[in-house]
Structure formats: structure tokens, C-alpha cells
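Asks: Dropping a structure here in C-alpha cells format, bear with me for questions.
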Amino acid sequence: MTDTRAIRGRLLTFTAEPAGPGDSGAYRYLSDGLLRIEDGRIAAIGPAADLLPSLPPGTPVEHHPDALVIPGFIDPHIHFPQTQVIASYGAQLLDWLEKYTFVEEQKYADPAHAAANARFFLDELLRNGTTTAAVYCTVHPQSADAFFAESERRGTAMIAGKVMMDHGAPDALRDTARSGYDDSKALIARWHGRGRQRYAVTPRFAVTSTEEQLAAAGALLREHPDCYLQTHLSENRAEIAAVRARFPWGNHYTDVYDRHGLLGPRSLFGHCIHLEDDEVRRLAETGSVAVFCPTSNLFMGSGLFDRARLTGHVPPVRTALATDIGGGTSYSMLRTAAEAYKVLQLQGQNLPALTAFHAMTRGNAEALGLRGEVGSLEPGCWADVVVLDSHATPAMAHRMETVRDDLEEELFVLMTLGDDRAVKATYVQGKCAFP
Ligand code: GUN
Ligand code: ZN
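Using the working numbering, the first residue of the sequence shown is number 16, and each one after it goes up by one.
Dropping the structure here:
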């Protein structure tokens with residue numbers, strides 16, 4: 016028996032990357048729309064008046080009359096073991112890792128701790144309207160098992176991997192080139208492509224991997240070409256100096272990954288702030304993705320992501336927008352977009368609301384190669400959906416009094432003033448996952 020259900024409200028979905036403000040050809044908006052959902056996937060989208068009569072008698076319809084119903088947010092760079100690292104005071108990247116992060120991540124050797132935090136983490140993502148993410152676990156394979164098991168239980172589409180780290184970290188957080196390879200391989204066999212779970216080979220960054228380990232990561236990617244690669248690149252000046260010192264043969268930081276076969280269209284590079292021209296060229300040529308993590312870059316004093324430089328390159332570098340919890344300071348993609356706007360403002364660039372909402376949904380899906388599955392409200396996509404209330408707080412409601420039938424202005428209010436309080440509901444495969 017087909018499970019049929021429906022969600023009704025003000026539907027918004029993007030069909031292309033907006034060229035700029037006012038690009039009404041880049042999205043579809045239905046002021047009273049309906050999603051017909053069959054077995055978790057969108058079967059039809061259209062005006063409620065047209066689709067309601069076609070629903071089988073008794074079909075449950077979740078009606079959100081004044082709310083915006085959009086695809087669930089996608090967060091392409093986040094650390095699941097850093098929920099108790101977030102908001103740690105006064106350090107930049109390398110000290111922050113040593114002083115806070117490496118301390119906290121050791122606790123994930125305990126499967127019970129990992130399982131409890133996987134529950135918290137996924138609750139928090141869903142409370143913020145995020146339904147898909149690319150997730151770093153710790154070096155312990157059991158942390159990835161715990162995360163995937165919890166995601167599978169909830170039916171969410173997640174990409175994750177155990178961190179590979181065989182250098183420059185406490186003994187308790189180091190694997191070896193061999194064990195990192197073996198454990199990752201076993202996790203791929205266990206989880207990659209199982210339901211909605213996918214694996215990302217995850218060497219933490221060049222600072223904490225030996226050459227042998229980077230080569231092992233490259234071998235894993237060659238052996239499993241449909242897996243992802245996620246790592247960090249050019250976030251902080253001291254980090255770049257450390258990479259130079261450890262890999263003097265490299266032309267630059269990107270070259271260290273490049274020579275081990277780690278660049279490509281399924282490769283996600285967090286930060287990409289202080290790149291040389293030749294690094295931008297290689298990222299562009301290989302279709303690699305540069306992931307902009309604005310709250311993290313501001314919090315850690317890392318620098319300003321030059322989005323225009325990357326997207327303006329010929330060919331362009333593919334970009335994505337992410338939280339980077341716990342270097343980042345908010346689980347909310349709305350807050351993340353607000354900080355992205357400010358980082359770009361500081362460089363004389365802009366981030367129109369349409370572009371930001373596209374980035375958080377269809378754009379990030381595109382960056383993850385998941386278009387047609389998530390990030391859009393179109394037939395065939397999973398019904399992973401967030402319902403947003405642009406009047407959620409007194410300040411928002413007050414500001415919205417001045418907005419008259421202007422979708423873009425409403426979206427800008429949502430991204431500038433909104434956060435988890437603006438998330439009225441989140442659906443995964445058409446079923447309510449929050450509240
Ligand atoms: N570089 C290497 N590891 C990390 C991490 O955990 N967070 C951030 N922001 N940068 C990193
Ligand atoms: Zn990160």
C-alpha cells in the first residue's frame with residue numbers, strides 16, 4: 016500500500032541559480048501550494064486547489080497556511096563531535112584544535128557517548144531545519160557507526176566519515192595509515208549506499224596526516240569512486256605555514272592533496288580562504304567544491320572567503336555554504352547565511368536573499384551531487400522539507416509589518432533575523448521530524 020500524505024502552504028523551490036535580485040525565473044513560488052507525497056518522495060507539486068481533489072480520501076494534509084515551505088536545508092561541512100566544543104574562548108585554529116577539540120574528541124572512543132551525542136546532534140540539525148549534511152566524525156570508527164545508525168533510524172540522508180589522522184595529535188586520537196585505510200574501508204562496506212547513508216573519506220587536513228595516509232585516502236577514493244572526500248584547506252595562515260614545512264615539495268597547500276588524487280567533483284574542501292591563483296585554478300579544473308563557513312571564519316579569526324574570486328574564475332570554482340560547527344557558532348543555516356552576507360559585504364560583494372536560499376537548498380544539493388534527490392520540491396525528490404515562519408519573533412513580526420507581498424524582502428528578513436525560532440516544522444521523507 017502506498018503511503019500518501021500531503022503538505023500544504025506557501026511553497027518555494029529553486030529551479031536554477033538566481034542571476035541576482037529579482038530573478039523570478041530561478042524559482043517557483045505557489046502562494047497556496049500542495050506537495051503530494053508518496054512513500055516519502057514528492058509525487059506532485061502544484062496549486063492546492065488543483066491537487067487536493069486528486070488525493071485519496073482520508074489523506075493526511077499538514078497545512079501551514081502562512082508559513083513558507085521550502086526544501087530542508089543542507090549543511091555540507093559540520094563536525095558531529097564538536098557540539099561541546101562550540102563557543103570555546105579565545106583561540107585560532109591550531110591552538111583551538113589542541114586546547115579544546117582534541118580533548119573533546121577523545122570521548123568518542125566510548126560508543127555510548129557517541130550514540131548519545133548522535134541523538135543530540137541530529138535533534139539539533141532537525142530543529143534548525145537541516146535535513147542533509149556532510150559530517151566529520153572522530154578518528155574512532157565507532158563514532159561513525161553511531162552517527163550512521165542514528166541517521167538511518169531517522170531516515171535522514173547523511174554523508175559522513177571517520178577522521179583519518181596519523182600525525183600531530185594526541186596518541187588517543189591517532190590512527191595509522193594502515194588502520195585508517197582499513198577502518199574507512201570497513202565503514203564504506205557497512206554504510207556507503209545503505210539506504211540514505213553515504214561515506215566521505217575524511218583525512219582531517221594535511222597537518223594531521225602523513226604522506227602515507229594521504230596516499231591511503233587517495234587509494235580509497237580510487238577504489239570507491241562514488242564516495243566523497245572531505246577535508247580542510249587554507250583556513251588559517253599558521254596552518255598553511257605548517258603544511259609548507261611538512262610538505263616542502265608541494266607547490267602550495269592544494270598541491271599536497273592534488274598529488275595524492277584527492278581533488279575532484281565529489282571532493283569538499285572546507286574554508287579555502289587564503290588560496291594562491293594556481294590553487295583556484297586547480298580547484299576549478301577538477302570540479303572540486305570550496306565550502307564557505309562564515310560563522311567559523313569570523314569566530315576563529317581565519318579570514319574572509321572571497322566568493323566572487325572563486326565563482327568569477329573561468330571556469331568557476333563550485334562553492335557551498337556550511338556551518339562548520341563547532342568552529343562555527345550556529346547550527347542554523349539562516350544565521351549562517353546572515354554571516355555570509357556580512358563577510359561578503361566587508362569585501363564589497365553581496366548575497367541576495369534569492370542566492371542565499373538557493374545556496375542553502377538546491378545549491379548545496381548540487382555541490383554534493385544530490386540534485387534530483389534533495390534540495391528541491393520537485394517530483395522524484397525526497398520530501399525533506401522545512402517550514403519557516405517569518406513572524407517567529409517580535410522583532411521579525413514587527414519588521415514584517417513593513418513587507419507587503421514581497422517574497423525576496425521576506426526571505427531577507429528570514430535570513431537576517433531568523434534562526435531555529437523561525438523553524439516551525441521539519442519533515443523527513445514527508446514525516447514530521449520536528450517538533
Ligand atoms: N582544520 C582541521 N580540523 C578542523 C576542525 O575541526 N575545524 C576547523 N574549523 N578547521 C579544522
Ligand atoms: Zn571543519
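From the three backbone atoms N, C-alpha and C, an ideal C-beta is built for every residue, glycine too. Computed from a prediction, not measured in an experiment: that's the story for all the values here.
1) From which residue to which residue does the beta strand (DSSP E) around M173 run?
2) Nearer than 6 Å: is that true of the beta carbon of G285 relative to any heavy atom of ligand 2?
3) Kindly indicate which residue of A221, C308 and G318 has the alpha-carbon position closest to the one of D273.
4) Comparing the CB of D18 with every heavy atom of ligand 2, is any distance shorter than 6 Å?
5) With a threshold of 16 other CB atoms inside 10 Å of the CB of G144, please say whether the residue is buried or exposed.
6) Quick one: what does DSSP say F58 is sitting in, helix, strand or coil?
7) Spatial neighbours of F117 within its chain, please: C-beta separation below 8 Å, excluding the five flanking residues on both sides.
8) In this structure, how does DSSP classify L45 when only helix, strand and coil are distinguished?
9) Rounded to a whole number of angstroms, what is the C-alpha to C-alpha distance between L403 and G40?
10) Given a threshold of 16 other Cβ atoms within 10 Å of its Cβ, counted over all protein chains shown, does D292 qualify as buried or as exposed?
11) Does ligand 1 have a heavy atom nearer than 6 Å to the CB of R219?
12) With H, G and I counted as helix, E and B as strand and the rest as coil, what does DSSP make of L277?
13) Assign F163 to buried or exposed, taking buried as 16 or more other Cβ atoms, counted over all protein chains shown, within 10 Å of its Cβ.
14) Going along the chain, which residues of its own chain have a beta-carbon closer than 7 Å to the beta-carbon of T74, five neighbours each way excluded?
15) Is D339 near ligand 1, in the sense that its beta carbon is under 6 Å from a heavy atom of that ligand?
16) Along the chain, where does the beta strand (DSSP E) containing I89 start, and where does it finish?
17) When the distance is taken between beta carbons, is R51 closer than 7 Å to A63?
18) Using a Cβ-Cβ cut-off of 8 Å (strictly less than) and excluding sequence neighbours within five positions of T417, which residues of its own chain qualify?
19) Tell me whether D339 sits in a helix, a strand or coil according to DSSP, three-state version.
Replies: Considering the structure as presented:
1) A172 to G176
2) For ligand 2, at least one heavy atom lies less than 6 Å from the Cβ of G285.
3) A221
4) no
5) G144 is buried by the Cβ-count criterion.
6) A small fix is needed here, since residue 58 is Ala in this sequence, not Phe. Here A58 carries a strand assignment [DSSP, helix/strand/coil].
7) A184, P185 and L188
8) In this structure, L45 counts as strand in the three-state DSSP scheme.
9) So the two alpha carbons sit approximately 22 Å from each other.
10) The residue is exposed, with fewer than 16 neighbouring Cβ atoms inside 10 Å.
11) yes
12) coil
13) Flag for F163 reads buried.
14) Excluding sequence neighbours, T74 sits near T19, R20 and A21.
15) yes
16) Residue range F88 to H94 is occupied by the beta strand (DSSP E) that includes I89.
17) No. Outside cutoff.
18) none
19) Coil.
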